[in-house]
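Just below is one structure, and these are the notes that go with it.
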């Protein structure tokens, strides 16, 4: 999982390093930590001298396997908790070690847990049930659809291991980890059985019992057996033991080694994307309507925030942390607000150039009329998930800052307005976002977009827009992704313009091979600061796009600001959505 | 190899099917032929009822492995000539068969050869030596550079298996197969030895002996040992047998199973692209100058052709075959012309929509003033290889034809004028070529560009421009690729605009991370028919591109037409390069 619970922060416990990515390997003589460029400084700062920092991505940094082979005495055993290593990674590492005469072995009890005496408990928070008005499809119908996919692939069992897939399948949400509204659970779906592995008294909640129809008389194939979270392994082993040839069990190839091994190899059917992952990505009408509502409320909050910032920043009293807190405050005033969808990136001046920046007291900078401010933030509402970035100047931007902003905007529009055939993979659109920057020798070193869940994880597969050609699935109508090109100048500023956009059918003049075309509709409706735009760098088409977009912001968000009686923010919105005029 | 010698056309001998792609599998009971969509009709037509046609790419067509497993009695052996199956393909097939209880076995003598009594002899044509003015680098220096790459990777031996790599390494050319100026040979390069495996009396040619310095007193590490072509296997086995641990032999992973197996597995070092493939792709100044000269001569021939067609087509006497022959005739008048670089695609009207069309008497159509004509052709000159496509109308094109042509032109320009960072892979540019077509719901079902050799294969790796993300290497200055978007309407017409372009450094306003930028310079300088362009669909920038391009055609090709005294073609060129005027 991208976000984890405190009880799973074992690396931070043993090393002090609490960045979001890193692998610790400890031998009798050595302790080494692999992490990527985002965290070189932080890891060096947080770890003591006992640790060797392994800077991934640098030429001379050994891989974990190569390092192990170089330091281990002959015939060593390397232990790993089989529940926290994906099966494909186990396979790779195991092979490398074996060919050097060592062994990778699963450790029964996690060795950190045995010494972590004050380890926090695994969270077990109450569940939220989502009715049909939010989900569009009942969990029963989702099970039926899943079983039909299982029948197509001739598998008898499907193991749900990703937390957001369990939540989506049962139309339940939780709050066991921050930002992602999920809960600790597994599920095993057979053609006639449903087993849900979940702990705590959450299943005693009458609303949950009714939602899952636990006390109703149901056809047996829809009767949910509730089992303890920890019993998944033995239950899965029992399933595996009962199989006969040609009876397969479907697992994600990212499932843990422990669960994968529970099924004998001959009976495993592994795929990079599960049928749930793919179904979940294509939002139905109830979900897209919910996402629209969530984005309207989110825009209301941001109009309030930006109006407030415009007044407060010149006083020199607003810090990055305060701005982030204020954004959360305005969001929390909106209906069905649950929590933030990720840690707010609130950054001004040089901090904006740190792509994964999160303000902390040591770095907290005061917003001013002399620096660019970048806010990348989002929230979970019961009807949808948001993620929006706006870059603003509260004084007078320089010509160069406007020039860079305008190139980024051109890239944003190029993706947002792109028309492309059905079946196109997102990575084929990535260069559109960069073309205007490339023309001037500029670029940004991150992907252009990621899938977005519907009141679920803000980052989800199986689609995205990136120059890295991972095995993304083709875009289809109903998918929701972000469109977020940027430009970053180390030590000076960062620019990013991000909307969440919905894939929709496009009307085209012709229709080659009857394939049909797609395009994007922005769900995010927050003004893009026109003060930052050098209108002369826009084509007429781009200028029209901005004006149409702002017209829509004014209409849709204006009506909601009006309804909520937020007159001052409404006046701000009207000012900020004045049409651009391009002199030919 | 893409093109093969008559003695290697074993599939055509056994089945009658002579398309460029296909695999025949023959069991005691069955005979089956796998081929792709280009050849379904041709294969069905050429093969008799004993054959089952396996249409690759269709959902219900079994793979070769699945089919074998379904028809073979238990414990069968499947034989294959190990010299004509790549090692990676062997591995895949062998694994699939083994898991079903069968065995893939190498056959010592090719079974077709044992029954093909009148099999033609393997060609053994004289060699052409290329001096420094063509190659820029002597074969000695190429060996030195190769050995330094070998030292970097800590390999002791490198096996040259691709015919164009042998030719490039020794600065030799041949004519053993049509279109590709190569000769049958292998080479094995050690740190102190050079072994060239080649047959015939070609090594008796004094020019070749001098070129290779066979009779000179040389440092031993540059002394070339000439050995019979057929002795490669035993020589390589001897090399393999003499190795000690950590002494590696470098082979392409596309080398034949026979040669790969000759080296014990522990000593093999396999890569998708060899150091020769990568070095060969980056042309030096002598090569790019040669390519420029070749393209000037080629343009002269095409100006003559198009001027001739313009006069002759209205008479209704010119067929596709005649036009192709005339193109060859004009090319053959140019200095250092060697042969065509591929079979000319000369197609009019509906034939133009068949992407890999080659006119034959049964399909030969007469050019007319009512149909679009597409000519995709190229030649081998001693100084370079050409490949150019022009689409023309000799009467009045319809508004729709002009519209489609203009979208294709916009795509062509978008790639040709693209500026992109050093290190960018070609596949990231593919969507630029399609964007204008996509906007109107159109597309084309082939890649946008391929690498082009320097008086070598017209299709070469390791770079290209395609939506299929094969493992292409990044583009770098000096590489040469084609830029050839198209649009095809089944039963009506085909449009393609193809230039060969050179990757060159680009000047940009800024220089992010000091990476530097690249762009393309067209080497092909043949007018793009302005009659086919709907100027109102072009942006001013695109219009300027066309005018600048035509200005360059007029200057460079005009001067050469003048020099060659080709006044009539010169007048045609001047007419065809009149600037476009775009009314705002």
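Residue numbers (my numbering), protein chains in the order written: chain A, 1 to 584; chain B, 1001 to 1584. In this text, a Cβ means the ideal position worked out from N, Cα and C, and glycines have one as well. This structure is a prediction, so every number in the text was calculated from the model and none was measured.
Residue i vs residue j beta-carbon contact at 8 Å
i                       : j                       : result
residue 465 of chain A  : residue 429 of chain A  : yes
residue 1392 of chain B : residue 1407 of chain B : no
residue 182 of chain A  : residue 164 of chain A  : yes
residue 1444 of chain B : residue 1487 of chain B : yes
residue 577 of chain A  : residue 551 of chain A  : yes
residue 84 of chain A   : residue 256 of chain A  : yes
residue 1323 of chain B : residue 1309 of chain B : yes
residue 1580 of chain B : residue 1526 of chain B : no
residue 1088 of chain B : residue 1253 of chain B : yes
residue 438 of chain A  : residue 1485 of chain B : no
residue 249 of chain A  : residue 263 of chain A  : yes
residue 394 of chain A  : residue 369 of chain A  : yes
residue 291 of chain A  : residue 405 of chain A  : no
residue 159 of chain A  : residue 3 of chain A    : no
residue 349 of chain A  : residue 493 of chain A  : yes
residue 184 of chain A  : residue 199 of chain A  : yes
residue 106 of chain A  : residue 258 of chain A  : yes
residue 1015 of chain B : residue 1051 of chain B : yes
residue 214 of chain A  : residue 190 of chain A  : no
Residue i: contacting residues in chain B (beta-carbon distance under 7 Å)
i                      : result
residue 421 of chain A : 1438 and 1443
Among the options, nearest to residue i - alpha-carbon criterion
i                       : options                           : result
residue 371 of chain A  : A:515, A:495 and A:437            : A:495
residue 25 of chain A   : A:1, A:69 and A:235               : A:69
residue 510 of chain A  : A:419, A:17 and A:57              : A:419
residue 1113 of chain B : B:1017, B:1042, B:1006 and B:1093 : B:1006
residue 1266 of chain B : B:1451, B:1154, B:1240 and B:1052 : B:1240
residue 1306 of chain B : B:1291, B:1293, B:1325 and B:1294 : B:1325
residue 28 of chain A   : A:290, A:47, A:76 and A:39        : A:76
residue 425 of chain A  : A:461, A:403, A:402 and A:126     : A:461
residue 1261 of chain B : B:1091, B:1011 and B:1475         : B:1091
residue 386 of chain A  : A:338, A:349, A:350 and A:367     : A:338
residue 1298 of chain B : B:1284, B:1280, B:1441 and B:1332 : B:1332
Identified DSSP bridge partners for residue i
i                       : result
residue 376 of chain A  : A:345 and A:389
residue 1077 of chain B : B:1103
residue 1256 of chain B : B:1086
residue 34 of chain A   : A:23 and A:54
residue 1521 of chain B : B:1502
residue 1251 of chain B : B:1270
residue 1489 of chain B : B:1493
residue 185 of chain A  : A:198
residue 1381 of chain B : B:1337 and B:1384
residue 1319 of chain B : B:1366
beta-carbon residue i near the ligand GDP non-hydrogen atom, thresh 7 Å
i                       : result
residue 1291 of chain B : With respect to small molecules bound, the structure shown includes none, and the ligand GDP cannot be examined in it.
Neighbouring residues, chain B, relative to residue i (Cβ below 8 Å)
i                      : result
residue 510 of chain A : 1440, 1441 and 1442
Within chain A, the residues that residue i reaches when beta carbons sit closer than 8 Å
i                       : result
residue 1430 of chain B : 428
residue 1517 of chain B : 438 and 441
Proximal residues of chain A, C-beta to C-beta of residue i below 9 Å
i                       : result
residue 1467 of chain B : 424, 425 and 428
Threshold first: 4 residues or longer. Then list the alpha helix (DSSP H) segments lying entirely within the stretch 1407-1486 of chain B, N to C. Along the length of the stretch 1407-1486 of chain B, whole alpha helix (DSSP H) runs at least 4 residues long occupy 1430-1439, reported in chain order.
Where are the alpha helix (DSSP H) runs, 4 residues long or more, that stay fully inside the stretch 1338-1367 of chain B, in chain order? For the stretch 1338-1367 of chain B, not a single whole alpha helix (DSSP H) run of length 4 or above is found.
At what residue ranges does the stretch 1189-1233 of chain B contain a whole run of the beta strand (DSSP E), taking only runs of 3 or more? 1194-1198 and 1224-1227
Only counting runs of 3 or more residues, tell me where the beta strand (DSSP E) segments fall wholly within the stretch 112-137 of chain A, in order along the chain. none
Ignoring anything shorter than 3 residues, give me the beta strand (DSSP E) runs that lie fully in the stretch 267-316 of chain A, in order along the chain. For the stretch 267-316 of chain A, whole beta strand (DSSP E) runs of length 3 or above, ordered along the chain, are 268-271.
Whole runs of the alpha helix (DSSP H) within the stretch 1154-1182 of chain B, excluding any shorter than 4 residues: DSSP runs (the alpha helix (DSSP H)) wholly in the stretch 1154-1182 of chain B: 1163-1170.
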